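Engineer: Taken in order, the sequence shown gives residues 6 to 994; the numbers are from our numbering.
Built from N, CA and C at the ideal position, the CB exists for glycine as well.
Bear in mind that the values here come from a model prediction, so they are computed numbers and not experimental data.
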Amino acid sequence: MCGIMQSGICRFTELSPGQFGLTKQLVLRIALPHVSLLVVAVGYAIMGSWVLTAIKYSDGTAEAVEKMTAAKRRFTDGLWRISRNHRNNSFMDRVDLSYDPFQNFTDDLYDIYRKYPKSLAIANNKENRFIGGDPMTNVTQNLFFAATTLTSIGYGANAPDSVMGRMFCVGYILFGIPLYLITLADLAKFCTEGMNRLYTEFLKYKYQVHKRYKRWKSGRKRRDSINIGEVFIAGGDDEVAEFLWTHLETTQFVEVPFILIYVTLISYITFASYLISLLEGWTFYDGFYFVIISVLTIGFGDLVPRNQKYVLVTLLIILVGLVLTTTCIDVVGAYYIDRLHFFGRRLETQDPLAWLKAVQQKRIEAMKREAMRKLFETVTALHHMQFANLSALRAITKDDKEDSDDNLQLPDPPDPPRNMIAYNATAESVTLSWDPPIYVDEGRRYWYTLTFKTRTPQRRNHMTVVDFINTTSFEVVGLKSFTLYEFLLTTTTRYGRSKHVRCQEYTEPCTVPQSLRIEAVSSETATISWRAPRKNNGPEAYVIQFTQEPAPQFRYWRKYRVGKSKRFTITELSPDTRYMICVSAEHNFGLAAMSKSMRFRTRTWWCEDDDQQQLFPPSLACIAAKMLPGGGIGGHQVGGGGPHPQVGGKRKEIYRYEASHTLYATSWSQRPDKKFRLAVGSFLEEYSNKVSIVQLDEELGEFANRGTFEHPYPATKVIWIPDSKGVYPDLLATSGDYLRIWKVGGDNGAQLECLLNNNRNSDFCAPLTSFDWNEVEPGLVGTSSIDTTCTIWQIETGQVVGQTGRSRASGHVKTQLIAHDKEVYDIAFTKAGGGRDMFASVGADGSVRMFDLRHLEHSTIIYEEPSRTPLLRLAWNKQDFNYLATFAQDSPEVIILDIRVPCTPVARLNNHRACVNGIAWAPHSSCHICSAGDDQQALIWDIQSMPRPIEDPILAYQAGGEVNQVHWATAQPDWISICFGRILEILRV
């Protein structure tokens with residue numbers, strides 16, 4: 006397990022390969038079958054050669070050598086006697102006398118050849134070589150014979166003559182030939198994959214060279230290019246299929262040309278022929294003939310290698326040729342034989358790839374027509390802005406429903422249980438608690454049905470159902486230790502069931518201390534207790550580890566060794582401070598996995614108790630603010646129209662800008678020389694929209710329009726470049742149908758620098774719901790889209806250093822990944838881990854997911870909405886990077902999450918009376934967050950009392966309409982901007 010880093014999450018680089026799933030056992034399991042097959046095949050041939058050597062030696066190989074040697078000796082002795090005893094005779098006389106010894110020698114050789122026709126001694130005698138009687142000298146030749154026999158070449162040389170030898174060969178090849186066929190086919194399959202991969206890489210390199218040449222020839226620089234470096238698909242088979250479908254337009258089959266395969270085979274045969282002719286002393290023609298006959302497994306036997314010194318080299322050359330020949334047959338048989346079989350009968354529409362491309366083209370045309378309508382529906386669903394046509398449609402639907410209700414009255418389904426939570430998790434049990442439904446027609450004649458299952462990557466997780474629960478709490482027992490469980494609870498009546506509510510909880514490991522709880526807390530002390538682990542690894546002692554929040558790296562935590570005691574009081578704590586604590590069991594084998602961490606907060610005063618705390622709730626500041634004259638912030642009236650005059654010569658607390666159209670997207674500029682400058686985008690249900698740049702004139706006390714430019718379709722989000730030092734060009738980014746980068750200035754307010762499309766296969770781009778500009782690395786921009794993807798862009802900002810001149814901004818895709826199962830609604834970078842590589846996203850699947858650009862093969866689900874309600878926006882804490890906030894569609898509460906404790910919100914801010922539309926963290930404080938919604942309120946919360954419930958905000962502002970945007974200025978942290986209707990207001994806090 007990894008410790009808690011300062012960034013609040015575990016670093017992937019510190020995990021072992023086993024925790025990634027890439028283990029030595031997995032590698033061995035993949036490679037072992039192929040290696041084992043090759044080793045068995047080689048061993049089988051060696052074993053056969055040794056057996057054949059022993060059989061041939063016992064069959065008379067040594068006897069054949071002795072008889073041949075004796076025949077040679079008798080012949081030479083006879084010639085020597087004739088030359089010595091008849092030296093005075095003429096030459097012709099001596100020749101006549103030599104006829105008898107020669108006739109005897111030929112008779113002896115005939116007898117030897119007839120008795121031992123396949124003897125290796127005879128074969129070597131033809132080459133004027135001597136072969137001894139030692140069986141070890143025949144091993145290499147027998148290995149050559151065994152290998153060529155198993156590959157069905159079968160030259161026939163050196164074959165056994167005895168019954169025993171021939172019976173052994175029959176049994177030997179019955180198992181050996183199938184073994185070698187499988188081995189050669191397996192090796193050929195690897196060779197085929199290698200050829201396909203090499204040819205594919207060649208085509209890619211050829212395409213790149215051609216593209217660079219065209220760019221160089223046209224004289225254009227590389228800008229506005231879309232080069233996708235890496236694509237990670239965070240999902241299952243359905244996500245992979247969807248990704249391939251979206252890139253089908255440029256898909257093509259990679260076919261290795263038939264000529265290239267044959268040229269490769271003939272080239273190897275030519276090289277092998279030349280090499281074997283050198284080793285055996287043959288002509289090149291004989292070598293080429295021998296290799297062709299061998300790799301085609303014909304094996305006439307008229308040419309057989311006799312050079313025993315290089316016979317194994319010759320055997321290796323032949324086996325490699327067999328693998329290449331099998332590869333050639335495999336490639337040709339896989340495609341070209343099929344094409345030849347269907348020649349003249351295949352229609353164009355029967356080509357699966359062409360048919361899929363035609364279908365995909367029709368789908369793209371339909372998506373182009375529906376894309377912008379989808380964009381309007383998405384933004385409307387995000388921020389609940391009602392249009393006349395939608396209101397009319399709802400009225401018609403309501404009338405139809407009323408008419409149908411008059412004719413048929415059906416019982417409504419029961420309401421689901423409320424506020425379901427999981428707590429008191431042990432190694433084998435979890436306790437659930439919930440509130441009863443608000444209203445049920447059946448009165449008390451209803452019960453609860455609980456369903457739970459494990460949340461594992463397996464396709465089939467068995468579900469367990471517990472029915473007829475009549476209480477509002479239930480302890481689930483018999484669970485597996487250290488496993489994530491999902492619990493579903495419904496209200497059941499005789500008419501059916503309600504919608505389910507959902508929660509998740511981990512069971513504790515069985516080797517860690519159980520049931521850690523806080524018994525008492527004062528301003529300086531805290532008493533904790535726990536139970537022993539369910540499974541002990543020997544005599545145990547306990548270690549308490551704790552630290553203040555935010556938690557540093559784990560090695561800096563304070564430790565207490567408490568021996569065998571299961572209850573301990575920690576002293577010397579600081580008052581009114583948040584702490585994190587856990588307990589580990591120490592035994593003879595080291596530290597076991599630690600228990601779950603628990604948070605608590607010390608009291609402010611030593612005499613403080615729960616009753617006294619209730620007398621001074623957190624909403625005291627809010628009540629005091631409302632009691633000021635005028636009922637507003639700082640003594641000024643809020644929520645009304647008209648100007649806000651200065652009081653006592655001081656700066657006003659509220660400034661207003663009114664446009665001629667509905668406002669939606671807003672953003673504060675961060676440049677130090679452009680204070681109180683904002684960009685605001687219109688929301689009109691038509692193609693032509695606008696983005697205006699407004700700036701507060703502090704002398705006149707009103708906003709001035711610095712420029713307006715046209716924008717196709719409404720901008721879903723607007724962000725200024727995060728440039729707090731003014732070193733980059735003055736850039737503004739907008740999202741909608743595309744991601745656009747604008748350079749501010751000129752008569753029209755801004756000019757378009759680049760238009761970025763993340764789909765290089767088509768001019769069509771799925772609408773973008775949101776994006777975020779990395780504050781640490783301004784060259785990175787992340788976008789979210791309704792096509793379930795997130796795209797990370799590498800932006801060239803056009804910064805000029807050491808020279809003057811105009812430089813345009815450009816961008817290309819760095820990484821694109823399928824992030825959610827449904828539409829992605831928001832994306833945000835965090836400053837944790839260096840602030841460059843980590844980001845989170847929310848979507849219509851109701852989950853918050855966290856990604857790291859350095860390890861995109863993994864993602865972390867921080868939170869899942871129990872009812873799977875879509876999550877619309879998220880925002881990271883600007884000071885404490887462990888916390889983030891989000892909210893669900895049509896929900897009046899803001900959810901605060903701690904990435905160190907996934908799946909469980911640390912706080913819920915639910916003082917709004919209608920759905921929330923926007924959230925913004927304070928840039929200068931880790932404890933303050935602002936939320937705004939359809940209840941026409943902007944609320945500022947103080948969350949430093951977590952994990953205690955936060956009941957009321959500390960400040961409240963009543964706007965003049967439904968607030969759809971809220972932003973906290975980074976450069977001026979005392980100011981907040983809100984949008985409602987056609988009004989933009991900035992508020993001083």
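Helix or strand or just coil, what does DSSP make of Arg993?
Structural biologist: In the three-state scheme derived from DSSP, where H, G and I count as helix and E and B as strand, Arg993 is classed as strand.
Engineer: To which residues of the same chain is Pro22 closer than 6 Å at the C-beta, ignoring the five residues directly before and after it?
Structural biologist: In this prediction, Pro22 scores a pLDDT of 46, lower than 50, which makes its location untrustworthy; no coordinate-derived value is stated.
Engineer: Using three-state DSSP, classify Glu780 as helix, strand or coil.
Structural biologist: coil
Engineer: State the Cα-Cα distance for the pair Phe392 and Trp562, rounded to the nearest angstrom.
Structural biologist: Only weak support exists for where Phe392 lies, its pLDDT of 43 falling under 50; the value from the coordinates is given anyway. Going from the Cα of Phe392 to the Cα of Trp562 covers about 56 Å.
Engineer: I'd like to check one pair, Glu715 with Ser693: are the Cβ atoms closer than 8 Å?
Structural biologist: Taking a C-beta distance under 8 Å as the contact criterion, Ser693 and Glu715 qualify as a contact pair.
Engineer: Any idea which residues DSSP pairs Tyr511 with across the strands?
Structural biologist: Leu489
Engineer: Just checking my contact of Ala833 with Ala845 at CB under 8 Å: how many whole Å lie between their CB atoms?
Structural biologist: 6 Å
Engineer: Ignoring anything shorter than 3 residues or poking outside the stretch 865-926, list the beta strand (DSSP E) runs there in chain order.
Structural biologist: 876-881, 888-893, 899-903, 912-914 and 921-926
Engineer: Ala75 and Leu114 - do their beta-carbons sit closer together than 8 Å?
Structural biologist: No, the Cβ-Cβ distance between Leu114 and Ala75 is not below 8 Å.
Engineer: Cα separation between Tyr565 and Met585?
Structural biologist: 14 Å
Engineer: Report the CB separation of Thr476 from Thr532 in whole angstroms; it is logged as a contact under 8 Å.
Structural biologist: Rounded, the Cβ-Cβ distance is 31 Å, inconsistent with contact.
Engineer: Only counting the same chain, and skipping five residues up and downstream in sequence, which positions put a Cβ closer than 7 Å to that of Leu84?
Structural biologist: Ser103 and Pro106
Engineer: Where do the ends of the alpha helix (DSSP H) carrying Thr319 lie?
Structural biologist: Val316 to Val336
Engineer: Short check: CB of Ile266 to CB of Val296, under 8 Å?
Structural biologist: no
Engineer: My assumption, with CB atoms under 8 Å, is that Glu529 sits in contact with Thr607. Please give the rounded CB distance.
Structural biologist: A Cβ-Cβ separation of about 7 Å places Glu529 in contact with Thr607 under the 8 Å criterion.
Engineer: Among the residues of its own chain, which have a CB less than 7 Å from the CB of Leu757, if the five just before and after it don't count?
Structural biologist: Closer than 7 Å at Cβ, skipping near neighbours: Arg745 and Trp747.
Engineer: Rounded to whole angstroms, what's the CA-CA distance from Val994 to Gln963? Just pull it up for me.
Structural biologist: 14 Å
Engineer: CA-CA distance, Asn94 and Ile281?
Structural biologist: 50 Å
Engineer: Assign Phe195 to buried or exposed, taking buried as 16 or more other Cβ atoms, counted over all protein chains shown, within 10 Å of its Cβ.
Structural biologist: exposed
Engineer: Distance check for Pro419 and Lys739, CA to CA, integer angstroms please.
Structural biologist: The question names Lys, but residue 739 is Thr in the sequence shown. Their Cα atoms are separated by approximately 45 Å.
Engineer: Need the endpoints of the alpha helix (DSSP H) that Gln108 sits in, please.
Structural biologist: Tyr104 to Lys120
Engineer: On the DSSP letters alone, give me the boundaries of the beta strand (DSSP E) that Glu591 sits inside.
Structural biologist: Arg583 to His592
Engineer: Does chain D have any CB closer than 8 Å to the CB of Ser982?
Structural biologist: Included in the structure is just one protein chain, with no chain D present.
Engineer: Beta-carbon within less than 7 Å of Ser931's beta-carbon, same chain only, minus the 5 sequence neighbours each way: which residues are those?
Structural biologist: Once the five neighbours on either side are set aside, the close Cβ partners of Ser931 are Asn882, Gln884 and Asp885.
Engineer: Tell me the DSSP bridge mates of Gln550?
Structural biologist: Residue pairing by DSSP places Gln550 opposite Lys564 and Cys587 in a beta bridge.
Engineer: Which of the three DSSP states is assigned to Ser852 in this structure?
Structural biologist: strand
Engineer: Could you tell me whether the stretch 498-508 touches the stretch 477-486, where touching means 3 or more Cβ pairs closer than 8 Å?
Structural biologist: no
Engineer: Specify, as a first and last residue, the run of the alpha helix (DSSP H) that Gly292 falls within.
Structural biologist: For Gly292, the uninterrupted alpha helix (DSSP H) segment begins and ends at Phe289 to Val300.
Engineer: For Asp768, count the other beta carbons within 10 Å of its own beta carbon; 16 or more makes it buried, fewer makes it exposed. Which is it?
Structural biologist: exposed
Engineer: Can the beta-carbon of Phe289 be found closer than 8 Å to that of Ser299?
Structural biologist: Their beta carbons are not under 8 Å apart, which means Phe289 does not touch Ser299 by this criterion.
Engineer: Using a Cβ-Cβ cut-off of 6 Å (strictly less than) and excluding sequence neighbours within five positions of Arg859, which residues of its own chain qualify?
Structural biologist: Asp842
Engineer: Check Tyr733 in the structure and name its three-state DSSP category.
Structural biologist: coil
Engineer: Return the first residue and the last residue of the alpha helix (DSSP H) that Thr607 is part of.
Structural biologist: Note, Thr607: premise wrong, no alpha helix (DSSP H); not H, not E.
Engineer: Assess, as a yes-or-no matter, whether the stretch 896-913 is touched by the stretch 949-961 under the definition of 3 or more beta carbon pairs within less than 8 Å.
Structural biologist: yes
Engineer: Suppose you measure from the CA of Ile983 to the CA of Leu877; what does that come to, to the nearest Å?
Structural biologist: Straight-line Cα distance between these residues: approximately 18 Å.
Engineer: Please state if the CB of Ser600 and the CB of Leu521 are separated by a distance shorter than 8 Å.
Structural biologist: yes
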